[in-house]
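Numbering (this note's numbering), first residue to last: 8 to 71.
We treat Cβ as the ideally placed atom computed from N, Cα and C, and that holds for glycine.
Source: prediction; values computed, not measured.
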């Protein structure tokens, strides 16, 4: 293994968050959004109250 055995992936949490957002966007919009959809996590912070603050931009090839 290239990373500790208690880790599930070697990807950063922000990458996983972007993939979850992309998946949900495709599920919710179905045919309305092309599959050429990209998510850029612009800000990813763990707050002192334990909550996660996440700001992301969603990009498509299609003009809106």
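- The criterion of a C-beta distance shorter than 7 Å is satisfied by residue 48 and residue 25.
- Here residue 45 has 66 as same chain residues with Cβ atoms under 7 Å from its own Cβ, once five neighbours each way along the sequence are excluded.
- Apart from sequence neighbours up to five positions away, the residues of its chain that approach residue 59 with a beta-carbon distance below 7 Å are 53, ordered along the chain.
- Note on geometry: alpha-carbon atoms of residue 35 and residue 13 lie some 33 Å from one another.
- Judged by DSSP in its simplified three-state form, residue 16 adopts coil rather than helix or strand.
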